[in-house]
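Student: Numbering (the UniProt record's numbering), first residue to last: 1 to 100.
Where a beta carbon is used, it is the ideal one built from N, C-alpha and C, also for glycine.
As the structure is a prediction and not an experimental result, all values here were calculated from the model.
Before I ask anything, let me first share the structure, which is written out below as structure tokens.
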Amino acid sequence: MKQPPMKTSRATLDILQNHYPERLGVCFCIDPPWVFQGFWNLISPFIDPVTRDKIKFVQGSRDSGRALLEENFDIDELEANVHGRNEVAFSSSVYLDGRM
1 MKQPPMKTSR ATLDILQNHY PERLGVCFCI DPPWVFQGFW NLISPFIDPV
51 TRDKIKFVQG SRDSGRALLE ENFDIDELEA NVHGRNEVAF SSSVYLDGRM
């Protein structure tokens, strides 16, 4: 997986930070791929510190990140594939048909 050029990443960050200030409540990155860590290390110094503090990483065992998720979500409703307890898989056809 190739990373975008640094110039492109900085331009994207500039647009998001300057045109959409303080729109982000919190961002959870759940089990990101290993290449993301290198990319994050490159771009994080250029992210506004207030915004950077809103980005939370949940990695590893389901129990290790559960406390962070429980502060923000109902764990019983959160899907199992993102460290929740809800074993019912998301079905786009049910959602798109309006039967949810």
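(1) Identify, in the order they occur along the chain, each residue of the same chain with its Cβ nearer than 7 Å to the Cβ of Leu68, setting aside the five sequence neighbours on each side.
(2) For Arg85, which of Asp76, Leu13, Ser92 and Arg10 has the nearest alpha-carbon?
(3) If you drop the 5 nearest sequence neighbours on each side, which residues of the same chain put their C-beta closer than 7 Å to that of Ile30?
(4) Do you know how far the Cα of Tyr20 is from the Cα of Leu96?
(5) Let's test the definition: count the other Cβ atoms within 10 Å of the Cβ of Gly65 and tell me whether it reaches 16, buried, or not, exposed.
Tutor: In short:
(1) Position 68 of the sequence shown, counted from the first residue, corresponds to residue 68. When the five nearest sequence neighbours on each side are left out, the beta carbons in the same chain lying within less than 7 Å of the beta carbon of Leu68 are those of Lys56 and Val58, in order along the chain.
(2) Residue 85 sits at position 85 when you count from the first residue of the sequence shown. Among Asp76, Leu13, Ser92 and Arg10, the Cα nearest to that of Arg85 is on Asp76.
(3) Residue 30 sits at position 30 when you count from the first residue of the sequence shown. Once the five neighbours on either side are set aside, the close Cβ partners of Ile30 are Val58, Val82 and His83.
(4) Along the sequence shown, read from residue 1 onward, the residue named residue 96 stands at position 96. Along the sequence shown, read from residue 1 onward, the residue named residue 20 stands at position 20. So the two alpha carbons sit approximately 29 Å from each other.
(5) Residue numbering aside, residue 65 sits at position 65 when the sequence shown is read from its first letter. So Gly65 counts as buried.
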